[in-house]
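Numbering (the working numbering), first residue to last: 707 to 1047.
Some notes on the structure that comes next.
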């Protein structure tokens, strides 16, 4: 485990509101409310608990868990603190490059623009405390919120990209995959693509072959999960140079994969289809990127050269510039060169 904890890592699929660790949530509660009530502590426990007897609709229940974090980040102060804590937690796990993603929220305390501005200011401020980690932002469309919200969010993303070009690098389509239809979001995503925003879309998270095909034919940069891609669709990803973001513990705990040894990562890896290891929501699923690599190594009998290849896959697929990629590659190559045994 020490090898993976000390290894410099690249995280490409991390949702802001699901990536706050339990200790950090307690810390956030203290800073926001001055104390942690027994009810608050109980809700933290429920946030990361996945009972064995959860029914078949596990995935929907996973999405319900986010309501708790949305409450904590509903104010500018809570959102700012949460963003900085998430970056800190990833930095402590030796993540040297992080792409955070989040859907701009609109509530009584903030507009969607203010939500994004708060996060971007927190990312900039974190450079002073955690300068070793490079942080980018992917702005998400929640497919359950409809096309009007999607259009507003894309326009905001284009605006924020012009103001923060080194941080705002792309967009995500996420939310409950059982809600909404991909075709409805095509105009908004086309606009994002024309504005040179990279696209990392949740695709084939549930068994919907027709929609997955629509998404692949649209063409995008990275596929979130890809759990139910057919072998033919996996080959299409290979042809289109689409990287698959594999989130092992997330898929197992949400019930879209029965167990680790049945994860589609093996089929991707065996067929030479570019994939990366990610956490998705390391707070909700009580994991770290180090633990995800350790699980993949054990379950799929990966050697150090395989782990090195996964790290290089992540660098190639990252939404950063060539100078940053060169720096990341040098740091990771050095680690593997120094740890050959």
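We treat Cβ as the ideally placed atom computed from N, Cα and C, and that holds for glycine.
Asked, Found
"Residue 820 versus residue 856 - alpha carbon distance", "17 angstroms"
"Closest by C-alpha distance to residue 813, when choosing among 921, 949, 782 and 858", "782"
"Other residues of its chain near residue 787: CB distance less than 7 angstroms, five sequence neighbours each side excluded", "734 and 737"
"Rounded Cβ spacing between residue 816 and residue 845 (contact assumed at less than 8 angstroms)", "Rounded, the Cβ-Cβ distance is 15 angstroms, inconsistent with contact."
"Whole-angstrom distance between residue 970 and residue 932, CA atom to CA atom", "8 angstroms"
"Classification of residue 724 by the beta-carbon crowding that lies within 10 angstroms, buried from 16 upward", "buried"
"C-alpha distance - residue 1086 paired with residue 854, whole-angstrom precision", "Nothing about residue 1086 can be read from this structure; the chain reaches only from 707 to 1047."
"Under 9 angstroms between C-beta atoms of residue 863 and residue 901", "yes"
"Euclidean distance between Cα positions of residue 888 and residue 849", "8 angstroms"
"Secondary structure, beta strand (DSSP E): runs of 3+ residues fully inside the region 828–913", "840–848, 874–880 and 904–909"
"DSSP three-state assignment for residue 711, whether helix, strand or coil", "helix"
"Nearest-angstrom Cα separation, counted from residue 895 out to residue 860", "8 angstroms"
"Range covered by the alpha helix (DSSP H) that runs through residue 814", "No alpha helix (DSSP H) holds residue 814; DSSP gives it neither H nor E."
"Alpha-carbon to alpha-carbon, residue 891 and residue 897", "10 angstroms"
"With 16 other Cβ atoms within 10 Å as the buried cut-off, status of residue 739", "exposed"
"Counted within 10 angstroms of its Cβ, other Cβ atoms place residue 799 as buried (16 or more) or exposed", "buried"
"Buried versus exposed, by CB contacts within 10 Å (16 or more), residue 677", "This structure does not reach residue 677, given that the chain is present from 707 up to 1047, and the question cannot be answered."
"Under 9 angstroms between C-beta atoms of residue 929 and residue 909", "yes"
"In DSSP terms, what residue 986 is bridged to", "720"
"Beta-carbon proximity of residue 825 to residue 778, cut-off 9 angstroms", "no"
"One or two residues paired with residue 929 in a DSSP bridge", "907 and 950"
"Cα-Cα separation, residue 950 to residue 982", "6 angstroms"
"Residue span of the alpha helix (DSSP H) that contains residue 739, given as start and end", "728–739"
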